[in-house]
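Written below as structure tokens is the structure these notes are about.
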Amino acid sequence: MLIALFPGDGIGPEIIAQARRVLDALAIDGLIYEEGLVGGAAYKAVGHPLPPETLELAKRADAILFGAVGDPDCDSLERHLRPEQAILGLRKALGLFSNLRPAKVFPELADASALKKEVASAIDLLIVRETNGDVYFGEKGMRKTADGLREGYDIMSYNEEQVRKIAHQGFQAARARRGKLCSVDKANVLETSQLWRDVVIEVSAEYPDVALSHMYVDNAAMQLVRDPGQFDVIVTGNMFGDILSDQASMCVGSIGMLASATLNDSNQGLYEPIHGSAPDIAGQGKANPLATVLSAGMMLRYSLGLPEQADRIEAAVGKALANGARSFDLGGSMNTVEMGDAVLAALV
Ligand code: NAI
Ligand code: MG
Numbered sequence: 000m001l002i003a004l005f006p007g008d009g010i011g012p013e014i015i016a017q018a019r020r021v022l023d024a025l026a027i028d029g030l031i032y033e034e035g036l037v038g039g040a041a042y043k044a045v046g047h048p049l050p051p052e053t054l055e056l057a058k059r060a061d062a063i064l065f066g067a068v069g070d071p072d073c074d075s076l077e078r079h080l081r082p083e084q085a086i087l088g089l090r091k092a093l094g095l096f097s098n099l100r101p102a103k104v105f106p107e108l109a110d111a112s113a114l115k116k117e118v119a120s121a122i123d124l125l126i127v128r129e130t131n132g133d134v135y136f137g138e139k140g141m142r143k144t145a146d147g148l149r150e151g152y153d154i155m156s157y158n159e160e161q162v163r164k165i166a167h168q169g170f171q172a173a174r175a176r177r178g179k180l181c182s183v184d185k186a187n188v189l190e191t192s193q194l195w196r197d198v199v200i201e202v203s204a205e206y207p208d209v210a211l212s213h214m215y216v217d218n219a220a221m222q223l224v225r226d227p228g229q230f231d232v233i234v235t236g237n238m239f240g241d242i243l244s245d246q247a248s249m250c251v252g253s254i255g256m257l258a259s260a261t262l263n264d265s266n267q268g269l270y271e272p273i274h275g276s277a278p279d280i281a282g283q284g285k286a287n288p289l290a291t292v293l294s295a296g297m298m299l300r301y302s303l304g305l306p307e308q309a310d311r312i313e314a315a316v317g318k319a320l321a322n323g324a325r326s327f328d329l330g331g332s333m334n335t336v337e338m339g340d341a342v343l344a345a346l347v
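Below you can see the structure in the form of structure tokens.
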């Protein structure tokens with residue numbers, strides 16, 4: 000199995016190096032790594048943030064482990080040459096439509112949450128967000144009403160195929176976790192949501208082992224703060240997922256802890272921490288590599304079919320924290336390599 004490593008800019012190479020050490024320590028047979036240039040690093044080397052060789056490697060790979068892109072040196076470039084175009088280009092070229100964002104509070108870090116410790120401690124959920132449809136992609140424009148008032152409009156739409164694809168992603172994710180799927184919509188008001196709900200119910204026939212529930216998005220926003228421990232997997236549309244996933248991440252705490260995946264139809268995926276290239280701390284050894292280590296764990300689980308190895312990574316991160324490993328963002332003083340050492344020492 001081929002893994003494409005795209006370290007990118009800023010702290011990207013530092014955090015990818017630690018994820019690579021953890022993957023190597025698992026000694027999984029048949030994993031091959033190839034490194035590619037993306038972002039500002041690629042622009043500086045060959046004049047484009049997503050060079051053809053990188054795209055070709057991405058298409059060949061079973062999974063992509065991505066650091067971060069973004070480089071202040073590139074701020075004045077035209078938009079299509081900016082480092083951030085690398086991630087957008089990869090999403091488009093590979094058809095990555097299903098964004099998975101786990102939110103889990105490691106007990107040792109419950110104090111870092113915006114919620115009360117006893118509420119936060121129970122968080123262990125995954126948001127599956129559709130990222131190719133919905134109101135962001137519908138017809139949009141500005142017009143004048145008959146009375147001459149300016150009026151903006153954005154059409155919200157989903158077709159059943161789009162809903163079916165993301166519903167399967169939600170059910171499969173729930174099956175690999177605790178077997179509970181909550182579909183979030185606004186079916187009391189929106190036709191798109193009515194179709195969403197109908198299709199999710201149709202798909203549920205293929206997953207009798209998963210317990211399906213439905214929730215309106217306004218209630219879901221409230222429940223995420225009131226009692227987040229009730230959720231296992233949440234599946235939702237692009238706009239509701241955009242808002243709920245940011246809300247859920249703040250319930251957890253440091254940005255240096257949050258992993259993500261974006262999958263396509265064939266479960267090929269791009270795995271990355273949710274944070275950016277952090278130019279303010281790049282090269283200083285201050286970056287927390289755990290979000291990237293956990294992203295590597297997601298890669299083993301979702302694209303490579305190695306859930307036991309993924310469990311080992313998650314358990315090692317938990318144990319390292321329990322043993323007192325704290326980087327600067329977590330209020331400690333351990334550097335990036337020492338955080339990697341702590342995970343390796345905790346790996347069983
Ligand atoms: P950022 O996430 O890079 O940094 C925000 C703050 O969090 C900074 O103070 C940073 O030091 C801190 N931080 C981030 N990751 C950390 C880690 N692992 N350990 C400890 N502290 C960490 O967001 P910002 O500053 O808005 O963007 C910087 C660059 O990253 C920009 O060029 C932006 O476009 C890019 N970016 C790239 C993303 C990606 O590659 N997917 C996502 C978000 C931003
Ligand atoms: Mg957002």
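Just so we're aligned, residue 0 is where the sequence shown starts under numbering that gives the first Met the number 0, counting upward by one.
Backbone N, C-alpha and C define an ideal beta-carbon position, used for all residues, glycine too.
Hey, would you say the C-beta of residue i is under 7 Å away from at least one heavy atom of ligand 1?
| i | result |
| --- | --- |
| Ala67 | yes |
| Ala40 | no |
| Ile122 | no |
| Pro48 | no |
| Asp133 | no |
| Asp328 | yes |
| Ser276 | yes |
| Gly255 | yes |
| Ala290 | yes |
| Asp279 | yes |
| Ile63 | no |
| Lys285 | yes |
| Glu355 | The requested residue 355 does not occur in the structure, where the chain is confined to residues 0 to 347. |
| Ile86 | yes |
| Glu271 | yes |
| Ile10 | yes |
| Ile14 | yes |
Rounded to whole angstroms, what's the CA-CA distance from residue i to residue j? Just pull it up for me.
| i | j | result |
| --- | --- | --- |
| Met238 | Tyr157 | 12 Å |
| Ala219 | Val183 | 7 Å |
| Arg19 | Leu1 | 14 Å |
| Ile233 | Val127 | 6 Å |
| Ala341 | Gly323 | 9 Å |
| Asp197 | Asp241 | 22 Å |
| Ala295 | Gln229 | 26 Å |
| Leu148 | Lys164 | 40 Å |
| Ala85 | Ala145 | 43 Å |
| Thr291 | Ser112 | 20 Å |
| Ser302 | Glu150 | 44 Å |
| Asn321 | Leu269 | Per the sequence shown, residue 321 should be read as Ala rather than Asn. Straight-line Cα distance between these residues: approximately 29 Å. |
| Ala286 | Thr335 | 5 Å |
| Leu211 | Ala175 | 14 Å |
| Ala24 | Leu343 | 7 Å |
| Arg300 | Asp72 | 36 Å |
| Val188 | Arg311 | 44 Å |
| Ser259 | Pro101 | 7 Å |
| Gly367 | Lys43 | Here the chain comprises residues numbered 0 to 347, so residue 367 is not present and cannot be evaluated. |
| Ala186 | Arg81 | 39 Å |
| His47 | Gly38 | 8 Å |
Do residue i and residue j have their C-beta atoms closer together than 8 Å?
| i | j | result |
| --- | --- | --- |
| Asp123 | Ser276 | no |
| Gly9 | Ala67 | yes |
| Val362 | Pro227 | Since the displayed the chain opens at 0 and closes at 347, residue 362 lies outside it and no answer follows. |
| Gly169 | Met155 | no |
| Leu114 | Val224 | yes |
| Leu262 | Leu64 | no |
| Leu89 | Leu56 | no |
| Gly255 | Asp328 | yes |
| Ala173 | Val209 | yes |
| Lys58 | Leu93 | yes |
| Val104 | Val251 | yes |
| Leu293 | Ile27 | no |
| Leu194 | Glu159 | yes |
With distances taken Cα to Cα, identify the nearest neighbour of residue i among the options.
| i | options | result |
| --- | --- | --- |
| Glu307 | Leu346, Met249, Ala60, Ser253 | Leu346 |
| Ser253 | Glu201, Pro272, Asp310, Thr235 | Pro272 |
| Pro288 | Gln17, Gly7, Phe5, Leu4 | Gln17 |
| Ala319 | Thr191, Asp328, Met338, Glu129 | Met338 |
| Ile200 | Ala166, Met298, Arg81 | Ala166 |
| Ser265 | Asp23, Ile15, Leu36, Leu95 | Leu95 |
| Asp231 | Ser212, Glu190, Leu180 | Leu180 |
| Leu87 | Asp23, Tyr215, Leu54 | Leu54 |
| Tyr152 | Lys143, Ile280, Gln222 | Lys143 |
| Ser326 | Gln267, Ile14, Phe5 | Ile14 |
| Gly7 | Asp28, Ala41, Ala26, Leu30 | Ala41 |
| His213 | Asp74, Ala62, Ser192, Gln171 | Ser192 |
| Ser120 | Met333, Ala62, Ala247, Glu83 | Ala247 |
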